């Protein structure tokens, strides 16, 4: 597929640049342990890790945000996670090489995540992404993805038109946000992807390996 050559690549964080699901799963299973419950199998938690507290609490407890017990669980989960942000989390294979090669080609890159800054700010440098050209968290603008505002903020911080940026993410809302912002979109099928098939998201491109992004840029 031929796309307009980008001047910058923007990435989602959880499930796209960083494999943070192990620490997120540990946090929600700690809540189950507190209640005398067996841990939820990791293979059930990993696909919903990009959905944060809503997805993980839903998978582990069968509770939705409008349930009475949800808010207490959400606060406890976030506190647990904040205390153990980077224990098992790491960058996906190929990400370090990808970012080095983007920089060598003179392409800017940044992070746009729905993760709140209380987590993003300490996590990003610890996991090896502190040299990002911009970091837009879930509370940087009044809106979160799939609203385009965070992506437009990132383009503004890079001093580039939105149409000169690509957005790469592992969730449908990433593709929706990128499209709404006027960016070309890449579905990161190496990520968590929920329980959906990324091919159904109608992204401009679908990749199964981070380093294949370099081939896409060249083409």
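Residue numbers (UniProt numbering): 1 to 219.
C-beta: ideal position from N, C-alpha, C; glycine also.
From a predicted model like this one, the values you see are computed outputs, not experimental measurements.
- For residue 134, the closest alpha carbon among the candidates 16, 193 and 157 is that of 157.
- Secondary structure of residue 110 (DSSP, three-state): strand.
- For residue 187, no alpha helix (DSSP H) segment is defined; the enclosing uninterrupted segment is the beta strand (DSSP E) at 184-188.
- Nearest to residue 14 by alpha-carbon distance, out of 23, 7, 6 and 8, is 23.
- Note on geometry: alpha-carbon atoms of residue 164 and residue 35 lie some 50 Å from one another.
- For residue 168, the enclosing beta strand (DSSP E) covers residues 165-169.
- Separation of residue 191 and residue 68 (C-alpha to C-alpha, rounded to the nearest whole angstrom) is 31 Å.
- The count of Cβ pairs closer than 8 Å, one atom from the region 38-47 and one from the region 106-116, stays below three, leaving the stretches out of contact.
- Residue 57 sits in a helix when the DSSP states are folded into three classes.
- Secondary structure of residue 93 (DSSP, three-state): coil.
- A residue is called buried once 16 or more other Cβ atoms fall within 10 Å of its Cβ, and residue 171 is buried on that count.
- In the DSSP assignment, the residues bridged to residue 135 are 111.
- About 5 Å separates the Cβ atoms of residue 53 and residue 77, confirming a contact at the 8 Å cut-off.
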